[in-house]
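Going by the working numbering, the first residue of the sequence shown is number 3, and it counts up by one from there. What follows is a set of notes on a single structure, which appears directly below.
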Amino acid sequence: DAPDGTLHSHSATAGSVSAASWADDLVIENNADVGISLLSPGGAGNEGWIAFGDPNDNYAGSIYYDHANDAFSFRTNGGERVWIDSSGQLGIGNQSPAAMLSVGSSSQFQVDSSGIIQSEGYHQEHQSQYQLSHWWYQY
């Protein structure tokens, strides 16, 4: 069998599937589960990266794992945009999410693990929190 890409790691055949022509520089193939491991000693200063670049910016985007804090970061246009912390909380535009989902630099919009929304400008009938099925925006 001819390789499906520039670098083709073949443990066993995946069947009659071939790599897409636009994504064939690295092909990893097996007849069951398949994976890639990025291994480092861990701790402060040891991170895992998958970087994306172009002629104008060799660091335009990336997926970054911080071993010291057990956290993921997704970067676009050279800046961090999305974070997942060690407890699984997701921050969009927020490096320190205060709830299961925190949106905005100061967590202006939050959703906890029960689906309770907390936000500036939003109200619930009897509390400062409200569930997704009972919310509205106050102008």
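Even for Gly, the Cβ is constructed at its ideal location relative to N, Cα and C.
In three-state terms, what does DSSP make of residue i?
i, result
"residue 25", "helix"
"residue 15", "coil"
"residue 68", "strand"
"residue 92", "strand"
"residue 114", "coil"
"residue 3", "coil"
"residue 35", "coil"
"residue 10", "strand"
"residue 55", "strand"
For residue i, I'd like the list of residues in its chain whose CB is within less than 7 Å of its CB, leaving aside the five on either flank, ordered along the chain.
i, result
"residue 7", "21, 26, 27, 28, 29"
"residue 55", "61, 62"
Tell me which residues share the same chain as residue i and place their Cβ nearer than 6 Å to its Cβ, disregarding the 5 neighbours each side in the sequence.
i, result
"residue 13", "32"
"residue 10", "29"
"residue 48", "42, 69"
If you drop the 5 nearest sequence neighbours on each side, which residues of the same chain put their C-beta closer than 8 Å to that of residue i?
i, result
"residue 50", "40, 42, 66, 67, 69"
Taking Cβ positions, are residue i and residue j nearer each other than 8 Å?
i, j, result
"residue 100", "residue 88", "no"
"residue 80", "residue 59", "yes"
"residue 110", "residue 98", "no"
"residue 46", "residue 64", "no"
Using DSSP bridges, identify the partner residues of residue i.
i, result
"residue 83", "Its beta-bridge partners do not exist; DSSP assigns none."
"residue 73", "68"
"residue 78", "63, 81"
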